[in-house]
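Residue numbers -8 to 642, in this note's numbering, belong to the letters of the sequence shown in order.
Even for Gly, the Cβ is constructed at its ideal location relative to N, Cα and C.
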Amino acid sequence: MRRCLLPALLLLTLPASAVLAQDQPPAPLRSAPVAQPILSTVPEARDIAWTSGALKLEVDATDTDRRILGIRQTIPMSTGGPLTLLFPEWLPGHHAPRGQIEKIAGLSFTTADGQPLRWRRDPLNVYAFHLSVPEGAGAVIASFQFLAPTAGNQGRIVMTDSLLNLQWNSVSLYPAGFYTRRIPIQASVTLPEGWTAATALNKEREGNTVRYEETDYETLVDSPIFAGLHAREVELAPDVRLSIFADTEEELKATEPQIELHRRMVDEAVALFGARHYDRYNFLLSISDKLGGIGLEHHRLSENGVPIGYFTQWERALGDRDLLAHEFVHSWNGKYRRPEMLWTPDFATPMQDDLLWVYEGQTQFWGYVLSARSGMLSKAETLDALAAIAARLDNTRGRTWRPLIDTTYDPIIAARRPKAWSSWQRSEDYYNEGLMIWLEVDAIIQRETDGARSIDDFAKAFFGMNDRDWGVLTYNRQDVIETLNGIVAYDWDALLRERLEQTNTEVTKAGFDLGGYKLIYGSVPNSTIRTGETVGKYVDQSFGTGLIVGEDGVVRTVVWDSPAFKAAMAVGDTITAVGDTEFSADAFRDGVRATAQQRPLTVTVRRDKRYRTITLDYSGGLRYPRLEKSQEGPTSLDRLLSARTGEAPVN
């Protein structure tokens, strides 16, 4: 009993403050680290030459079964010491850090006589590898693999049983500390039996190995390869070739009228710009449902990947027929004339994208214009495409909070990852909204000069100098404004500030209004939307209900603040019924059509395991955009789309 009472008796003898102190928890500890200095150990690029000799790159592309590219790269070393090798990170044309370093595996380094070298990845720049090279090593031999995607969820498919899209930036390293244009390199690729390859570089072939001329690393990366079992090459001009690769021989069968349209497109582009910024040019074109699609510009070639049917189902290929024109224009706009902060001395320096409304926006503009002038698209098809573009931009509710200029950073921010609410988040709108701005610019030039001048004059002044120069001539925003003022005096700075930097509720349609057309809506889809629905297997009612729905009932798009949005529908929902009828594309269209007669549109929606019946607050019927002529006679938009090298054929 004494043992039990003793603590209590002791407490009675302590002062009150001591008792309170014992009741309180101890003061918490908060360790407070101090930031350590972050020091980059990767040498910055300098405009000096790599003088130890040309790098040698050997790629084995024969393992098509497992989609593995084997790489052996030799880096000559005149002296020993520290060496930092970089894998390309910031890629031209992507406008973002898109180097696929995660697909590099099996990396090892040795000296010329086979002694292994230890390597260490840089903790701040994971694209950099540090080595210590002993004196007398002679060279560093790098061996590794590029593990090309075997399924679409791993990335774009670049290798199939019969096709290859080899991008040198994915299979090579380069020494840090040098402008890439100052690093000499000689590359080769070994192909499967019976394959042919095309690129812009001169080559010689021995068996299945193709060796390319020595060039600089910048030019090599700018000269990717298409290769395959089924191939055909067509001359479009004395210095321009179309190199076609396909899943089957059947897909290579272009008609002569189709080839002639491509020739006219080349002629129209050269007539427009007045100078050529290539010594020769190759359109690399893959027609495949297996190889991933692509549209990527280079100085003397372009990578173009479309689904099967480009030639054999010409009408269905409507949405792809402006692709080659777009990429060709980039030889002038983007490759030769390049925003000064988008040009970088190597592939480690970050890019600044704020002039993409010129680089991509005006290229998008010229892609459609040249397609119309050449007949790749008819005038009616071009007007339909412009109507669809404007209507979709009006559906982009995010313009009320995010100005167009901010979307130029989307390649870095989003990297084209899927978005739940793209109409609110916005994406790479500088393409199509840039097009609409340049359409307005042309209409203003024609109005201010009574039709004596047009945006063609800007194109010649801005892009048409120094024929056959395929270097890079940079520009800034003020250069654009000064060139425009050289065509016609106008407050271009104020116009561009308003269009680029201010938020708004709808896209500018001054190019339509001044050009003698107006955007209207009707119940019949235009050619762009109709073809998109057919090829994409969906129903597009985004301009009314706010929905794009797949033929399987899965919701692909919900426009922000639309009737579907207000009914709490979302991407990924599945419509299982329209009224009391099982869902089908026709049933959905019929249901939407009936709303024009004041009939309710009721749909059953499944999300996960939950079903809901929803009545959309909508009464507009089927709703599709189109352009309607608002002025008599030839207008500025008519003149813009007219051929410059003779009457465009009817395709």
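Practice task
Would you be able to state if there are at least three C-beta pairs under 8 Å between the stretch 173 to 185 and the stretch 76 to 92?
Solution key: no
Practice task
Might you give, ordered along the chain, the residues of its own chain that have their beta carbon closer than 8 Å to the beta carbon of aspartate 484, omitting 5 neighbours on each side?
Solution key: Residue numbering aside, residue 484 sits at position 493 when the sequence shown is read from its first letter. So the list reads Ile472, once near-sequence residues are dropped.
Practice task
Report the partner residues of tyrosine 615 according to the DSSP bridge assignment.
Solution key: As a position in the sequence shown, residue 615 is number 624, starting the count at 1. Gly513, per the DSSP bridge assignment.
Handout entry: Residue range of the beta strand (DSSP E) that includes arginine 232
Key = Mapped onto the sequence shown, residue 232 falls at position 241. Bounds of the beta strand (DSSP E) holding arginine 232 are 231 to 237.
Handout entry: Segments assigned beta strand (DSSP E), at least 3 residues, entirely inside the stretch 134 to 195
Key = 154 to 157, 175 to 181, 187 to 189
Problem - Terminal residues of the alpha helix (DSSP H) in which glycine 97 lies - result: Along the sequence shown, read from residue 1 onward, the residue named residue 97 stands at position 106. From DSSP, glycine 97 is part of no alpha helix (DSSP H) but of the beta strand (DSSP E) over 95 to 102.
Problem - Sequence-distant residues of its chain with Cβ nearer than 6 Å to glycine 284 (five each side left out) - result: Working through the sequence shown from its first residue, we reach residue 284 at position 293. The answer, listed in chain order, is Gly296.
Exercise for the section: Ignore the nearest five residues each way along the sequence and tell me which others in arginine 254's own chain have a CB closer than 6 Å to its CB. Expected result: Locating residue 254 in the sequence shown gives position 263, where the first residue counts as 1. Hits under 6 Å: Leu227.
Exercise for the section: With DSSP collapsed to three states, give me the class of proline 34. Expected result: Here residue 34 refers to the residue found at position 43 when the sequence shown is read from its first residue. Of the three classes helix, strand and coil, the one that applies to proline 34 here is coil, per DSSP.
Handout entry: Coil, strand or helix - alanine 119 by DSSP
Key = Along the sequence shown, one-based indexing puts residue 119 at 128. In the structure shown, alanine 119 sits in a strand (DSSP, three-state: E or B).
Problem - Own chain partners of arginine 630 with C-beta closer than 8 Å, once the 5 adjacent residues on each side are dropped - result: Here residue 630 corresponds to residue number 639 of the sequence shown, with the count starting at 1. Gln437, Gly442, Ser445, listed in sequence order.
Exercise for the section: List the whole-angstrom C-beta distance separating threonine 398 from serine 418, where the pair is believed to meet the contact cut-off of C-beta under 8 Å. Expected result: Taking the first residue of the sequence shown as position 1, residue 398 is located at position 407. Taking the first residue of the sequence shown as position 1, residue 418 is located at position 427. Indeed, because the Cβ distance is near 7 Å, the residues count as touching under 8 Å.
Exercise for the section: Select from Asp213, Gly44, Pro114, Tyr327 the residue whose C-alpha is nearest the C-alpha of alanine 266. Expected result: On the sequence shown, residue 266 is found 275 positions in, with the first residue counted as 1. Here the closest residue by C-alpha is Tyr327.
Exercise for the section: Could you check if valine 647 is buried or exposed, using at least 16 other CB atoms within 10 Å of its CB as the buried criterion? Expected result: For residue 647 there is no data in the structure shown, the boundaries of the chain being -8 and 642.
Handout entry: Beta-ladder partner(s) of alanine 130, from DSSP
Key = For this step, residue 130 is matched to residue 139 along the sequence shown. Answer is Pro67, bridged to alanine 130.
Exercise for the section: Express the C-alpha separation of glycine 612 and arginine 584 in angstroms, rounding to a whole number. Expected result: Mapped onto the sequence shown, residue 584 falls at position 593. Mapped onto the sequence shown, residue 612 falls at position 621. Each residue's alpha carbon lies about 4 Å from the other.
Practice task
Would you kindly check if the distance between the Cβ of lysine 500 and the Cβ of alanine 405 is under 8 Å?
Solution key: Against the sequence shown, residue 405 aligns to sequence position 414. Against the sequence shown, residue 500 aligns to sequence position 509. In this structure, lysine 500 does not lie closer than 8 Å to alanine 405 by Cβ.
Handout entry: When Arg601, Glu126, Phe217, Thr65 are compared against phenylalanine 135, the one with the closest alpha-carbon
Key = Within the sequence shown, the letter at position 144 stands for residue 135. Here the closest residue by C-alpha is Thr65.
Handout entry: Closest by C-alpha distance to arginine 172, when choosing among Gly477, Asp207, Ser31
Key = Here residue 172 is taken as the residue at index 181 of the sequence shown, counted from 1. Nearest option by C-alpha distance: Asp207.
Practice task
Assuming threonine 593 and aspartate 258 form a contact by the criterion Cβ under 8 Å, report the distance between their Cβ atoms to the nearest whole angstrom.
Solution key: Taking the first residue of the sequence shown as 1, we reach residue 593 at position 602. Taking the first residue of the sequence shown as 1, we reach residue 258 at position 267. With 8 Å as the limit, threonine 593 and aspartate 258 do not qualify as a contact, their Cβ atoms being about 55 Å apart.
Practice task
Mind checking which residues open and close the alpha helix (DSSP H) that includes leucine 275?
Solution key: Taking the sequence shown and counting its residues from 1, the one referred to as residue 275 is at position 284. Looking at the DSSP string, leucine 275 is not in any alpha helix (DSSP H); the run it does join, the beta strand (DSSP E), is 272 to 278.
Practice task
Could you pull out every residue in the same chain whose Cβ sits closer than 6 Å to the Cβ of serine 553, ignoring the five residues on either side in sequence?
Solution key: Locating residue 553 in the sequence shown gives position 562, where the first residue counts as 1. Contacts found: Gly537.
Handout entry: Local Cβ density within 10 Å of asparagine 160, reported as buried at 16 or more and exposed below that
Key = Residue 160 sits at position 169 when you count from the first residue of the sequence shown. Label assigned to asparagine 160: buried.
Exercise for the section: In angstroms with no decimal places, state the Cα-to-Cα distance between arginine 271 and valine 231. Expected result: As a first step, residue 271 is located in the sequence shown; it is residue number 280 there, counting from the start. As a first step, residue 231 is located in the sequence shown; it is residue number 240 there, counting from the start. Distance between the alpha carbons of arginine 271 and valine 231 is about 6 Å.
Exercise for the section: Can you grab the Cα-Cα spacing for the pair glycine 325 / isoleucine 566, in whole Å? Expected result: Numbered from 1 along the sequence shown, position 334 holds the residue referred to as residue 325. Numbered from 1 along the sequence shown, position 575 holds the residue referred to as residue 566. Rounded to whole angstroms, glycine 325 to isoleucine 566 spans 43 Å at the Cα level.
Problem - Bounding residues of the alpha helix (DSSP H) (the contiguous stretch that carries leucine 500) - result: As a working mapping, residue 500 is identified with position 509 in the sequence shown. Residue 500 is actually lysine in this sequence, not leucine. Where lysine 500 is concerned, there is no enclosing alpha helix (DSSP H), given that its DSSP letter is neither H nor E.
Handout entry: Sequence-distant residues of the same chain with beta carbon closer than 7 Å to threonine 391, five excluded per side
Key = If you number the sequence shown from 1, residue 391 lands on position 400. The beta carbon of threonine 391 lies closer than 7 Å to those of Thr494, Thr496 in the same chain, with the five residues before and after it left out.
Handout entry: phenylalanine 356 vs leucine 430 beta-carbon contact at 8 Å
Key = Translated into the one-based positions of the sequence shown, residue 356 becomes position 365. Translated into the one-based positions of the sequence shown, residue 430 becomes position 439. Yes, they are a contact pair.
Practice task
Report the residue from Arg364, Gly425, Leu282, Asp448 whose alpha carbon sits nearest the alpha carbon of valine 479.
Solution key: Here residue 479 refers to the residue found at position 488 of the sequence shown. Considering only alpha carbons, the answer is Asp448.
Problem - Start and end residues, alpha helix (DSSP H) containing asparagine 476 - result: As a first step, residue 476 is located in the sequence shown; it is residue number 485 there, counting from the start. Element bounds for asparagine 476: 468 to 478.
Practice task
Please list, in chain order, all residues of the same chain as tryptophan 323 whose beta carbon is under 7 Å from its beta carbon, the five residues on each side excluded.
Solution key: Reading the sequence shown from its first residue, position 332 is the one you call residue 323. Taken in chain order, the residues that qualify are Phe264, His268, Phe454.
Handout entry: Buried or exposed by the 16-neighbour rule on C-beta atoms within 10 Å, applied to glutamate 215
Key = Here residue 215 refers to the residue found at position 224 when the sequence shown is read from its first residue. At residue 215 the sequence reads proline, which differs from the glutamate that was named. Buried.
Exercise for the section: Determine, using beta carbons only, whether glutamine 249 and phenylalanine 319 come nearer to each other than 8 Å. Expected result: For this step, residue 249 is matched to residue 258 along the sequence shown. For this step, residue 319 is matched to residue 328 along the sequence shown. Not in contact: glutamine 249 and phenylalanine 319 (Cβ atoms no closer than 8 Å).
Problem - Closest by C-alpha distance to alanine 559, when choosing among Phe534, Gly570, Thr239, Val596 - result: The count along the sequence shown starts at 1 and reaches residue 559 at position 568. Just measuring C-alpha positions, the residue of Phe534, Gly570, Thr239, Val596 sitting nearest alanine 559 is Val596.
Handout entry: Test item: CB-CB of alanine 378 and leucine 618 under 8 Å
Key = Reading the sequence shown from its first residue, position 387 is the one you call residue 378. Reading the sequence shown from its first residue, position 627 is the one you call residue 618. Cβ distance < 8 Å, so alanine 378 and leucine 618 count as in contact.
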